[in-house]
Each structure stands twice: as C-alpha cells, then as structure tokens.
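Put into structure tokens, the structure is as follows:
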C-alpha cells in the first residue's frame with residue numbers, strides 16, 4: 007500500500023519505491039521456503055515451479071493487458087497505442103523490464119502514459 011499511496015501523492019507517504027524493495031525481499035523468502043519444502047519433500051522441479059507461476063500470474067496479466075489495450079484504443083493517440091502494444095507484448099514474454107529500461111526511466115515525464123509500466127516487476 008505504501009507504493010500506491012506514494013503514487014497517489016498522499017501527504018506523509020514518501021519513498022514508496024522502498025515498498026517495492028520490501029516486496030522483493032518478502033517474495034524471495036517465500037519462494038525460497040517453497041523451494042526448500044519441495045526439496046525436502048517430493049523434490050524440486052523448475053518445470054513445476056514455472057508452470058505454477060504461470061498459472062498463478064497469467065490470468066490476471068492477460069486481463070490487465072486486455073483492459074489496458076481496450077482503454078488505450080479509446081484514449082491514446084496512434085503513436086501512444088503502438089508503444090502500449092509493444093509494452094503488452096514485452097509483458098507477455100517477460101521482457102517488460104528490459105523494454106522500459108531501454109526506452110526511458112521509471113520516473114520520466116511520460117510515465118503516466120505507460121499503463122503497463124508496473125509489469126517490469128513480473129519480468130525480474
């Protein structure tokens with residue numbers, strides 16, 4: 007919630023990007039715990055790990071991308087829609103972090119025209 011409040015520019019919420027760091031630390035512990043449990047149980051499999059990850063993330067990802075494309079079609083200029091489409095493709099193939107890194111910075115002026123900017127975190 008710290009990240010959301012930071013982006014909403016609510017008084018008293020600063021440094022919201024620290025929430026992202028905390029999210030990655032907690033995720034790392036949880037993923038490690040699950041891997042250790044699998045290693046001690048029926049064995050760890052990268053294939054099972056990534057299939058479970060895809061089953062968990064892809065439905066919400068596809069809905070988010072589809073809605074962003076629909077609203078982008080209705081609201082964006084043709085050039086902005088082309089950039090949004092590229093971001094959607096990068097998000098689906100887990101390369102959004104590289105796309106946004108190569109194209110510009112996270113806090114650029116145009117960041118408000120990148121509704122899929124948050125997908126970088128799924129690509130890490």
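Numbering (the working numbering), first residue to last: 7 to 130. Using N, Cα and C, we set each Cβ at its ideal position, and we do this for glycine too.
### Message
Let's test the definition: count the other Cβ atoms within 10 Å of the Cβ of residue 33 and tell me whether it reaches 16, buried, or not, exposed.
### Response
exposed
### Query
If we call anything under 8 Å between Cβ atoms a contact, is residue 25 one with residue 13?
no
### As assigned by DSSP and simplified to three states, the class of residue 29
helix
### Query
Going by other Cβ atoms of all chains shown within 10 Å of its Cβ, with 16 needed for buried, is residue 93 buried or exposed?
buried
### Query
Do residue 96 and residue 105 come within 8 Å of each other at the CB atom, strictly closer than that value?
yes
### residue 87 versus 124, 74, 56, residue with shortest Cα-Cα distance
74
### Message
So for residue 53, helix, strand or coil by DSSP?
### Response
helix
### Query
When you compare only the Cα positions, how much space is there between residue 52 and residue 41?
10 Å
### Message
Mapping the DSSP letters down to three states, classify residue 130 as helix, strand or coil.
### Response
coil
### Alpha carbon of residue 125 to alpha carbon of residue 28, nearest angstrom
17 Å
### Query
Should residue 90 be counted as a contact of the ligand ATP given a C-beta to heavy atom distance under 7 Å?
Here there are no bound small molecules, and the ligand ATP is not part of this structure.
### Query
Tell me which same chain residues have a C-beta within less than 7 Å of the C-beta of residue 57, skipping the five on either side of it?
none
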